[in-house]
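Residue numbers (the numbering used here): 105 to 354.
Backbone N, C-alpha and C define an ideal beta-carbon position, used for all residues, glycine too.
Since we're looking at a predicted model, the values are computed, not measured.
Contents: one structure, followed by commentary.
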Ligand code: ADP
Ligand code: MG
């Protein structure tokens, strides 16, 4: 059995009275693209926070590449090969695109030569010297991805990377993530409300509702699942239907 997996085992996360996650298990194996979907407040960001050490699980384990990383700090989890982006973009607002990505490389002991190819890969070479926060949201999200990749992660966690993107930007993002998987060989765990993107991109999809797993499997299986349809009818519409352009749930 390969140990090149990121695994969450029976994770419970409580915030005072709120149960954000209630016994969720999820594995991402080397080279896989796994999607995480669910209505707002279902625990998706909390799950990424636990997988990257930002939050400590109340119960359950985080295991990265065979190492029990439960309770480790974000910096230590990153050293095990976990890179991430944030739902609320977190770029250094007085720094250029290039320097934001450089920070990601230096923080993980990577060479600065690492940065230029990543800017090219994310289609950011032309804006490398711009102050990052002056870019469109779509571009800023790609800067965040480049910064996460600059640390050469084995597992890349993306929290709503297509938020604020139009259809053609989201199509380009799909191609970019596929290329990243091919070229860097890293696994991807992606949260997004753009179901048109998710159904085409992901090998497997994991569906949360109110902190619990209600379905997991191939995109075709998930799309046809009555529980999934019901969960979505209560919020963002059935997952078989692409969301309207610009329709952005937070
Ligand atoms: P999603 O990303 O699926 O929209 P979240 O993981 O952000 O959901 O939130 C899941 C639940 O946990 C929500 O009810 C949210 O209000 C709650 N929650 C998340 N973070 C905190 C926190 N730091 N303190 C208190 N409650 C939180
Ligand atoms: Mg979220």
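Taking C-alpha atoms, which residue in the options lies nearest to residue i?
| i | options | result |
| --- | --- | --- |
| residue 70 | 131, 279 and 206 | Because the chain in this structure spans residues 105 to 354, residue 70 falls outside the shown range and cannot be described. |
| residue 247 | 255, 228 and 257 | 228 |
| residue 322 | 334, 288, 116 and 309 | 309 |
| residue 119 | 112, 161, 329 and 167 | 161 |
| residue 245 | 258, 223 and 256 | 223 |
| residue 128 | 111, 169 and 209 | 111 |
| residue 177 | 187, 313, 159 and 206 | 159 |
| residue 199 | 188, 232 and 236 | 236 |
| residue 333 | 215, 299 and 268 | 299 |
| residue 262 | 156, 189, 311 and 114 | 189 |
| residue 155 | 144, 275 and 187 | 187 |
Take the Cβ of residue i as the centre, count every other Cβ of all protein chains shown within 10 Å, and call the residue buried at 16 or more, exposed below.
| i | result |
| --- | --- |
| residue 221 | exposed |
| residue 264 | buried |
| residue 105 | With a pLDDT of 46 at residue 105, under the threshold of 50, the modelled position of that residue is not reliable, and the figure given next carries that caveat. It counts as exposed. |
| residue 136 | buried |
| residue 251 | buried |
| residue 353 | Only weak support exists for where residue 353 lies, its pLDDT of 43 falling under 50; the value from the coordinates is given anyway. It counts as exposed. |
| residue 146 | buried |
| residue 122 | exposed |
| residue 331 | exposed |
| residue 361 | Residue 361 cannot be examined here, being either before or after the span of the chain that is shown, 105 to 354. |
| residue 358 | In the structure as shown, the chain starts at 105 and stops at 354, and residue 358 therefore has no counterpart that could be examined. |
| residue 279 | exposed |
| residue 117 | buried |
| residue 179 | exposed |
| residue 170 | exposed |
| residue 174 | buried |
| residue 277 | buried |
Along the chain, where does the beta strand (DSSP E) containing residue i start, and where does it finish?
| i | result |
| --- | --- |
| residue 52 | This structure does not reach residue 52, given that the chain is present from 105 up to 354, and the question cannot be answered. |
| residue 313 | 308-313 |
| residue 278 | Premise fails: residue 278 lies in the alpha helix (DSSP H), 271-288, not in any beta strand (DSSP E). |
| residue 139 | 137-141 |
| residue 263 | 259-263 |
Can you tell me which of the three DSSP states residue i falls into?
| i | result |
| --- | --- |
| residue 322 | coil |
| residue 158 | coil |
| residue 254 | coil |
| residue 298 | coil |
| residue 118 | strand |
| residue 329 | coil |
| residue 266 | coil |
| residue 234 | coil |
| residue 112 | strand |
| residue 293 | strand |
Output the residue ranges of the alpha helix (DSSP H) runs that lie fully inside the segment 163-222 and measure 4 residues or longer, sorted by chain position. 178-183 and 201-211
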